[in-house]
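A.B. asks: Residue numbers (the numbering used here), protein chains in the order written: chain A, 46 to 223; chain B, 46 to 223.
2 protein chains.
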Amino acid sequence: MIWIMLELATLGFLYDERLHGYDLRKRIAALTGHVRPIADGTLYPLLKRMEAAGLLTRELQPGQVAAPRHVLSLTATGRQALLDRLREPDELFVTDENRWFTLLAFLRHLDDPAAQAAVLRRRLTFLTQPASFFWDGDRPMRAADFDDPFRQGLFTIATATSRTELKWLRETLADLDG
Amino acid sequence: MIWIMLELATLGFLYDERLHGYDLRKRIAALTGHVRPIADGTLYPLLKRMEAAGLLTRELQPGQVAAPRHVLSLTATGRQALLDRLREPDELFVTDENRWFTLLAFLRHLDDPAAQAAVLRRRLTFLTQPASFFWDGDRPMRAADFDDPFRQGLFTIATATSRTELKWLRETLADLDG
DNA sequence: AGAAGATACCTTGCTACCGAGGTATCAAAG
DNA sequence: CTTTGATACCTCGGTAGCAAGGTATCTTCT
Chain A
46 MIWIMLELAT LGFLYDERLH GYDLRKRIAA LTGHVRPIAD GTLYPLLKRM
96 EAAGLLTREL QPGQVAAPRH VLSLTATGRQ ALLDRLREPD ELFVTDENRW
146 FTLLAFLRHL DDPAAQAAVL RRRLTFLTQP ASFFWDGDRP MRAADFDDPF
196 RQGLFTIATA TSRTELKWLR ETLADLDG
Chain B
46 MIWIMLELAT LGFLYDERLH GYDLRKRIAA LTGHVRPIAD GTLYPLLKRM
96 EAAGLLTREL QPGQVAAPRH VLSLTATGRQ ALLDRLREPD ELFVTDENRW
146 FTLLAFLRHL DDPAAQAAVL RRRLTFLTQP ASFFWDGDRP MRAADFDDPF
196 RQGLFTIATA TSRTELKWLR ETLADLDG
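1. What whole-angstrom Cβ distance do B:L152 and B:L137 have, given they're in contact under 8 Å?
2. Between the Cα of B:E104 and those of B:L119, B:R94, B:L91 and B:P90, spot the shortest distance and give me the residue it belongs to.
3. Output, in sequence order along the chain, the residues in the stretch 60-72 of chain A whose CB is closer than 7 Å to any CB in chain B.
4. Does the Cβ-Cβ distance between B:T55 and B:M95 come in under 8 Å?
5. Can you find the residues in the same chain that come closer than 7 Å, C-beta to C-beta, to A:G99, ignoring five residues on each side of it along the sequence?
6. Taking only beta-carbon positions, decide if A:R81 is within less than 8 Å of chain B.
7. Please confirm if A:D141 has its CB atom under 8 Å from at least one CB of chain B.
8. Could you tell me if A:Q106 is buried or exposed, where buried requires 16 or more neighbouring beta carbons within 10 angstroms of its beta carbon?
9. Kindly list the residues whose CB is nearer than 7 Å to the CB of A:A126, restricted to its own chain and excluding five residues on each side of it in sequence; keep chain order.
10. Could you tell me the distance, in whole angstroms, from the CA atom of B:R63 to the CA atom of A:D157?
11. Please report the distance separating the alpha-carbon of B:F200 from that of B:R114.
12. Applying the criterion that 16 or more other CB atoms from any shown protein chain within 10 Å of the CB defines a buried residue, is B:T170 buried or exposed?
13. Mapping DSSP to helix, strand and coil, what is A:S177?
14. Indicate whether at least one CB of chain A lies closer than 8 Å to the CB of B:V193.
15. Of all the CB atoms in chain A, is at least one closer than 8 Å to the CB of B:F31?
16. Name the chain A residues that come within less than 7 Å of B:A189, Cβ to Cβ?
17. Using the rule of at least 16 other Cβ atoms within 10 Å of the residue's Cβ for burial, across every protein chain shown, is A:E210 buried or exposed?
18. Buried or exposed: where does A:A150 fall if 16 or more other Cβ atoms within 10 Å of its Cβ makes it buried?
19. Where does A:E104 sit, in a helix, a strand or coil, going by DSSP?
20. Any heavy atom of the ligand NAD closer than 7 Å to the Cβ of A:H79?
21. Tell me whether the beta-carbon of B:A162 lies closer than 8 Å to the beta-carbon of B:L221.
22. What's the gap between the Cα of B:D193 and the Cα of B:W213?
23. At a Cβ threshold of 8 Å, is A:T201 touching chain B?
24. If the criterion is Cβ atoms closer than 8 Å, does the pair A:Q197 and A:A188 meet it?
25. Taking the straight line between their C-alpha atoms, what separation do you get for B:F179 and A:R70?
26. Use the C-beta contact count for A:T77: other C-beta atoms within 10 angstroms, 16 or more gives buried, fewer gives exposed.
27. State the Cα-Cα distance for the pair A:L165 and A:T204, rounded to the nearest angstrom.
28. For the alpha helix (DSSP H) holding A:V116, just list the boundary residues, first then last.
29. Against chain A, does B:W180 count as a neighbour if the rule is that its beta carbon must be under 8 Å from one of theirs?
30. Do B:I83 and B:A75 have their C-beta atoms within less than 8 Å of each other?
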């Protein structure tokens, strides 16, 4: 299910400008690759699948710099596909931080403040759900329940992160709604 | 490469106490499942592979509650495997937040402050590397370069997160070293 | 008594994913 | 003038991962 994120990133980057595969690969690497590197044995087959699905076209551009490049550009179907996926993202994009960040990177393309706000609200709902990393039966365990510094750090980092993001979400929603 | 995280979580949870598969599954779901649910078609085959590798044993316990359970317990090899993986985690555990959290959850089992500190230092090194989500050629782009609120949010959240974690890392390292 | 829901585990088939390896061009360094 | 390194893309084989479906027990609700 990496492809679902790579596909969104590909649609997102190509929405603005035509790119060849290698360039796309480097942009994706900057966006998500420091966390989780992607093999080109993953990306190139995906591009072929996307071409087969009618989302993009490839055009051979003989070697200007080095080896010949395949310049990629989105079809009308591809452009619509990006907007559809941004408007109603798979649940994974809401819960998984890496995918959520990928979505945020391109959400501006969805040129409709109400739809953008709806997506942010899904993330808000997710983050405000009660959750814990560890349970003692039905009881959620908190940082104070542990005497090891690493699990305490886990809670410290997680709560700080979500607090920052909640603040940003609420401010941005106020702007989008107002 | 999900299995590498599931395997660590399994070794980690079983290090303390014997569990049956379903219970283990629920603990893993609490730790990482809110972000990324795991299918039992993923977990059960992994447990079999781990058994085949000599990391754990299963013992059939006839139905006390419902269907008969397979109680899992680590072998000596399994206990050692946890310590080895904690001591020298794969790079993915250092860079990917989900995997890093999984590692933090069990790092206390590595009963050696110097080795624990060494792991934290790897994370510190990673977080202090210069990084950006977007590049304009060689130039890393910053929040101020974007006028869309979503990419700005991306930077806001990412920097706040890493600041909190860096503070915790430095404090904890000072404790471990001192 | 029957249905529903939780517990508990399993298999099968499709496909995505990754590592490993290969091909080729061009520039810069030695 | 050869090597190194970057650019640029590709294929193949093995395996992991997932959805979908199945089986069975026990409790609780109706």
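From the three backbone atoms N, C-alpha and C, an ideal C-beta is built for every residue, glycine too.
C.D. replies: In terms of the structure at hand:
1. The C-beta distance from B:L152 to B:L137 rounds to 16 Å, too long to fall under 8 Å, and the pair is not in contact.
2. In terms of Cα proximity to B:E104, the closest of B:L119, B:R94, B:L91 and B:P90 is B:L119.
3. Per Cβ criterion, the list is empty.
4. In this structure, B:M95 lies closer than 8 Å to B:T55 by Cβ.
5. Result list for A:G99: T120 and T122, in chain order.
6. By this cut-off, A:R81 is an interface position.
7. So, interface residue.
8. Classification of A:Q106: exposed, given that the 10 Å Cβ count is below 16.
9. Correct list, in chain order: L56 and L100.
10. Roughly 53 Å between the two C-alpha positions.
11. Taking the CA atoms as reference points, B:F200 sits about 47 Å from B:R114.
12. Exposed, since its Cβ has fewer than 16 Cβ neighbours within 10 Å.
13. Coil, per DSSP.
14. Val is not the amino acid found at residue 193 of chain B; the sequence shown has Asp there. Taking Cβ atoms only, chain A reaches closer than 8 Å to B:D193, which makes this a yes.
15. One cannot answer for residue 31 of chain B here, as it falls past the ends of chain B, which runs 46 to 223.
16. What B:A189 touches in chain A: nothing, since even the nearest Cβ is about 16 Å away.
17. Under this definition A:E210 is a buried residue.
18. A:A150 should be labelled buried.
19. Secondary structure at A:E104: strand, using DSSP grouped into helix, strand and coil.
20. This structure simply doesn't include the ligand NAD, nor any ligand for that matter.
21. The criterion of a C-beta distance shorter than 8 Å is satisfied by B:A162 and B:L221.
22. If you take the alpha carbons of B:D193 and B:W213, they lie about 31 Å apart.
23. Closer than 8 Å to some Cβ of chain B, the Cβ of A:T201 qualifies, so yes.
24. Yes.
25. Cα-Cα distance, rounded: 12 Å.
26. Taking all protein chains in view, the Cβ of A:T77 is crowded by 16 or more other Cβ atoms within 10 Å, so the residue is classified as buried.
27. Rounded to whole angstroms, A:L165 to A:T204 spans 19 Å at the Cα level.
28. That residue, A:V116, is in no alpha helix (DSSP H); its beta strand (DSSP E) goes R114 to L119.
29. For B:W180, the answer is yes, since a Cβ of chain A falls inside 8 Å of its Cβ.
30. At least 8 Å separates the beta-carbon of B:I83 from that of B:A75.
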